[in-house]
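In my numbering, the protein residues as written are 6 to 370.
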């Protein structure tokens, strides 16, 4: 999604307390029109609390200013302030009415005329692939159909800000990917800013311009999606950003932009600068590791290790392979590569990755 030139939403000094304990502390956060911000972190990190606080429905003690356009909360009457928002939850929360009436509900509350309601509802039903379900009772729908209705209802009001609280978490992979396609098209060119709470890296990569990592109510890292995924600020962030291999070690030597790290009795080369003896963590993403059959090791990669396939786990579109090279390496392998190498548990292979594919995190102690 493309970012606009102004601010759709600004958060200043947001602090939420429960029983005297701070559960969310966001000094400042800004969202541009058309921008998608993914919010990731462990359960209890404060992700949903951030959404409900921004929407102005947080029931706990809170303070801070949230600004949507020229409207501030607190300050603006809640029903006026919230008019520019739509929110979709993991559970569809539909009314016991027809699909059409569900999608039309937000427009009718806003006093939109009958013909305009029909036009906008029909447009969203078509956009989310549920035009044929308009007269169906919403409570008779499948999970995927119900979530399509929820998204259509949210987008029908042309919201300035769309809040998504893990809306695809309970859906199977094909359904989730199909709905993601429709949502991408719906958001394209709409100018709607999005805050997306998710645990799914695919959703993050497909939708998000920026990523915010929360832990215990505090922002650990915020930045462009690729920057956060490739260069996590800590081992904790790395674990939520898709880094499957994190190795602890010490710098053995460095020079010429290359750091050689002793880890688990082996040496690993990484691009960067660090002092000899410095404790570091090496982060290696699974898509950057290349596997080859033993004896076929022609590669320009600085790091090549012989290992044994410990585990093979089927994922949605690939296999996750855990290789014991003296330390564990996790790689993603396609079905085609599996077949070509005859990859199986117990097989000896060579694993390689470039020094530029290793992200170096320096530890203070």
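Don't be surprised by glycine CBs; every beta carbon is placed ideally from N, CA and C.
Quick one: is residue i buried, meaning 16 or more other Cβ sit within 10 Å of its Cβ, or exposed?
i, result
"residue 107", "buried"
"residue 299", "exposed"
"residue 245", "buried"
"residue 155", "buried"
"residue 351", "exposed"
"residue 213", "buried"
"residue 114", "exposed"
"residue 79", "exposed"
"residue 133", "buried"
"residue 208", "buried"
"residue 274", "buried"
"residue 193", "exposed"
"residue 364", "buried"
"residue 124", "exposed"
"residue 32", "exposed"
Once the 5 residues before and after residue i are set aside, which same chain residues still bring their CB inside 8 angstroms of it?
i, result
"residue 271", "310, 330, 331, 332"
"residue 105", "126, 130, 139, 140"
"residue 240", "251, 286, 288, 366"
"residue 176", "148, 149, 152, 184"
"residue 164", "89, 90, 91, 197"
Using alpha carbons as the reference points, say which of the options lies closest to residue i.
i, options, result
"residue 312", "85, 334, 292", "334"
"residue 294", "305, 162, 285", "305"
"residue 277", "362, 314, 231, 40", "362"
"residue 247", "15, 85, 218, 120", "218"
"residue 56", "120, 171, 119, 163", "171"
"residue 122", "84, 93, 162, 88", "162"
"residue 228", "97, 296, 42", "42"
"residue 211", "36, 40, 116", "40"
"residue 359", "265, 180, 205, 216", "265"
"residue 181", "215, 235, 89, 95", "95"
"residue 86", "92, 160, 76", "76"
"residue 142", "101, 187, 354, 26", "101"
"residue 297", "263, 349, 282, 260", "349"
"residue 116", "88, 222, 58, 136", "88"
"residue 355", "135, 202, 328", "328"
Could you name the residues of the same chain whose beta carbon sits closer than 6 angstroms to that of residue i, not counting the 5 residues immediately before and after it, in chain order?
i, result
"residue 269", "331, 332"
"residue 267", "254, 255, 257"
"residue 97", "151, 152, 155"
"residue 223", "30"
"residue 317", "324, 326, 350"
Since residue i and residue j are thought to touch, with beta carbons under 8 angstroms apart, how far apart are those beta carbons, to the nearest angstrom?
i, j, result
"residue 103", "residue 158", "About 12 angstroms separates the two Cβ atoms, so there is no contact after all."
"residue 68", "residue 18", "7 angstroms"
"residue 166", "residue 73", "6 angstroms"
"residue 200", "residue 169", "7 angstroms"
"residue 292", "residue 337", "5 angstroms"
"residue 47", "residue 249", "Actually they are not in contact, since the Cβ atoms of residue 47 and residue 249 sit about 17 angstroms apart, beyond 8 angstroms."
"residue 144", "residue 99", "7 angstroms"
"residue 314", "residue 45", "Not quite, the Cβ-Cβ distance comes to about 30 angstroms (not below 8 angstroms), so this is no contact."
"residue 357", "residue 308", "6 angstroms"
Give every residue of the same chain whose Cβ lies closer than 7 angstroms to the Cβ of residue i, excluding the five residues on either side of it in the sequence, and list them in chain order.
i, result
"residue 38", "9, 11, 13, 196, 198"
"residue 54", "21, 28, 29, 63"
"residue 368", "284, 285, 286"
"residue 321", "178"
"residue 238", "225, 226"
Any beta-carbon of chain C closer than 8 angstroms to the one on residue i?
i, result
"residue 358", "Given the protein chain composition of this structure (a single chain), no chain C is represented."
Could you please give me the residues that DSSP links to residue i through a beta bridge?
i, result
"residue 364", "288"
"residue 417", "This structure cannot speak to residue 417, because the chain is shown only from 6 to 370."
"residue 358", "308"
"residue 15", "35, 72"
"residue 263", "260, 276"
"residue 91", "167"
"residue 226", "218"
"residue 254", "285"
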